[in-house]
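**Student:**
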Amino acid sequence: SVGRKDYLEVRDIRVVFDGFVAVDGVDLTLLQGQVHFLIGPNGAGKTTVVDALTGLVKATGTAHYGDADLLSLPSHKIVRAGVGRTFQTATVFEELTVEQNLDIAGGVHRPARRLLRRRRFVSPRVREALAVVGLTHLADRQAGTLSHGQKQWLEIGMLLVQDAQVMLLDEPVAGMSADERVATGELLQRIGTERTVIVIEHDMDFVRAYADVVTVMSAGKVLAHGTVDEIRADPEVQRVYLGH
Ligand code: ADP
615 SVGRKDYLEV RDIRVVFDGF VAVDGVDLTL LQGQVHFLIG PNGAGKTTVV DALTGLVKAT
675 GTAHYGDADL LSLPSHKIVR AGVGRTFQTA TVFEELTVEQ NLDIAGGVHR PARRLLRRRR
735 FVSPRVREAL AVVGLTHLAD RQAGTLSHGQ KQWLEIGMLL VQDAQVMLLD EPVAGMSADE
795 RVATGELLQR IGTERTVIVI EHDMDFVRAY ADVVTVMSAG KVLAHGTVDE IRADPEVQRV
855 YLGH
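Residue 615 is where the sequence shown starts when you use our numbering, and the numbers rise one by one after that.
(1) Can you say whether Thr700 is buried or exposed, counting buried as having 16 or more other CB atoms within 10 angstroms of its CB?
(2) Is the distance from the Cβ of Leu773 to the Cβ of Leu760 below 8 Å?
(3) What are the boundary residues of the beta strand (DSSP E) that Asp638 is part of?
(4) So what does DSSP say about Ala745, is it helix, strand or coil?
(5) To which residues does DSSP link Asp826 through a beta bridge?
(6) In its own chain, which residues sit with a C-beta less than 7 Å from the C-beta of Thr661, not counting the 5 before and 5 after it?
(7) Going by other Cβ atoms of all chains shown within 10 Å of its Cβ, with 16 needed for buried, is Leu745 buried or exposed?
(8) Just reading off the beta strand (DSSP E) that Thr810 is part of, what are its end residues?
(9) I'd like the span of the beta strand (DSSP E) that includes Thr711, first residue to last.
(10) In the structure shown, what three-state DSSP assignment does Val787 receive?
(11) Give me the pocket residues for the ligand ADP, defined as CB within less than 6 Å of any heavy atom, sorted by chain position.
(12) Are any of the Cβ atoms in chain B nearer than 8 Å to that of Asp777?
(13) Spatial neighbours of Gln766 within its chain, please: C-beta separation below 6 Å, excluding the five flanking residues on both sides.
(14) Could you pull the start and end residues of the beta strand (DSSP E) that Leu622 belongs to?
(15) Are Val821 and Val775 close, meaning C-beta to C-beta below 8 Å?
(16) By Cβ distance below 7 Å, which residues in the same chain neighbour Ser615 in space, the five residues on each side in sequence not counted?
(17) Going by other Cβ atoms of all chains shown within 10 Å of its Cβ, with 16 needed for buried, is Phe651 buried or exposed?
(18) Could you check where the beta strand (DSSP E) with His751 kicks off and where it finishes?
(19) Using alpha carbons as the reference points, say which of Gly834, Val842, His678 and Gln852 lies closest to Asp826.
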């Protein structure tokens with residue numbers, strides 16, 4: 615049965631920067647259990663949509679998730695409402711270990727210093743996140759020494775520890791090796807079965823392999839929405855996005 619929190623409903627979201635309309639009336643319905651990709655040419659407004667949903671830029675419209683309208687909440691309350699994001703350049707604490715990064719992510723309400731002193735206790739939630747993102751064997755490694763791909767997985771692990779039910783991921787596979795891409799695609803499918811996952815992506819092979827649904831943006835608007843096959847058959851998408 616679908617509960618009230620099982621989807622994120624975005625209606626008529628608009629973002630204007632100094633008179634320039636970056637996002638021009640975007641609607642999105644993000645269902646739980648789907649890996650949803652957001653694609654489109656550079657400058658289409660994809661990152662700005664994610665910035666609006668996570669409180670980093672001001673937007674008009676609505677974005678209902680459960681009882682919360684994300685557009686009216688500050689960033690920290692959006693996290694508490696269960697909505698988390700990653701960035702193209704991972705924002706992990708480079709000096710700390712993988713496990714300490716996860717401890718901090720889970721300890722948003724507690725002083726970080728006390729958590730760091732607490733030795734050798736790995737909380738079940740941290741242990742589970744390590745396993746899900748495949749970093750158990752690197753738990754004691756300094757995060758700054760991880761590969762780009764491993765840092766992305768650590769960021770996803772931090773969202774898991776925060777119990778994010780909606781995950782907004784900004785080009786997670788950019789700069790990853792072929793093996794890392796496959797591992798990431800499988801990770802998205804695993805976390806996507808129980809959560810709402812939306813991924814900004816440029817790599818169409820990756821989208822084709824792992825998308826349940828795709829939304830195509832262009833010039834601040836939604837151009838098309840559907841399965842990969844539906845998107846690929848859309849003449850507007852072919853014209854604007856694929857350059858045909
Ligand atoms: P995408 O993620 O699809 O590449 P963006 O959301 O980054 O697109 O950008 C959409 C448009 O908004 C671009 O034209 C970009 O230059 C502009 N833009 C993004 N952020 C700002 C900002 N802080 N100030 C002014 N313009 C911005």
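Just so you know, even glycine gets a beta-carbon here, dropped at the ideal spot from N, CA and C.
**Tutor:** If we stick to the structure as given:
(1) Mapped onto the sequence shown, residue 700 falls at position 86. Buried, because 16 or more other Cβ atoms sit within 10 Å of the Cβ of Thr700.
(2) In the sequence shown, residue 773 corresponds to position 159, counting from 1. In the sequence shown, residue 760 corresponds to position 146, counting from 1. Cβ atoms of Leu773 and Leu760: not closer than 8 Å.
(3) Working through the sequence shown from its first residue, we reach residue 638 at position 24. Unbroken beta strand (DSSP E) run through Asp638: Phe634 to Leu645.
(4) What you label residue 745 is simply residue 131 of the sequence shown in a count that begins at 1. Ala745 falls in the helix class under three-state DSSP.
(5) Along the sequence shown, read from residue 1 onward, the residue named residue 826 stands at position 212. Asp826 pairs with nothing; no bridge assigned.
(6) Against the sequence shown, residue 661 aligns to sequence position 47. Cβ contact annotation for Thr661 (same chain, cutoff 7 Å, sequence separation greater than five): Asp784 and Ile814, in chain order.
(7) If you number the sequence shown from 1, residue 745 lands on position 131. The sequence as given places Ala at residue 745; Leu does not occur at that position. Around the CB of Ala745, fewer than 16 other CB atoms lie within 10 Å, so the residue is classed as exposed.
(8) Position 196 of the sequence shown holds residue 810. Bounds of the beta strand (DSSP E) holding Thr810 are Thr810 to Ile814.
(9) In the sequence shown, counting from the first residue as 1, residue 711 sits at position 97. It is not in any beta strand (DSSP E) - Thr711 carries neither H nor E in the DSSP assignment.
(10) Looking up residue 787 in the sequence shown gives position 173. DSSP places Val787 in coil when its eight states are reduced to three.
(11) Counting every residue whose Cβ lies closer than 6 Å to a heavy atom of the ligand ADP, we get Phe631, Phe634, Ala636, Gly654, Asn656, Gly657, Ala658, Gly659, Lys660, Thr661 and Thr662.
(12) Absent from the structure is chain B; it holds one protein chain and no more.
(13) For this step, residue 766 is matched to residue 152 along the sequence shown. Around Gln766: Ala704 and Pro786.
(14) Residue numbering aside, residue 622 sits at position 8 when the sequence shown is read from its first letter. For Leu622, the uninterrupted beta strand (DSSP E) segment begins and ends at Tyr621 to Phe631.
(15) To locate residue 821, count along the sequence shown from 1; it is residue 207. To locate residue 775, count along the sequence shown from 1; it is residue 161. The answer is no: Cβ separation not under 8 Å.
(16) Here residue 615 refers to the residue found at position 1 of the sequence shown. The predicted model places Ser615 with a pLDDT of 40, which falls under 50 and marks its position as unreliable, so this point remains unresolved.
(17) Here residue 651 is taken as the residue at index 37 of the sequence shown, counted from 1. Flag for Phe651 reads buried.
(18) Position 137 of the sequence shown holds residue 751. From DSSP, His751 is part of no beta strand (DSSP E); its letter is neither H nor E.
(19) The count along the sequence shown starts at 1 and reaches residue 826 at position 212. Per the Cα distances, Val842.
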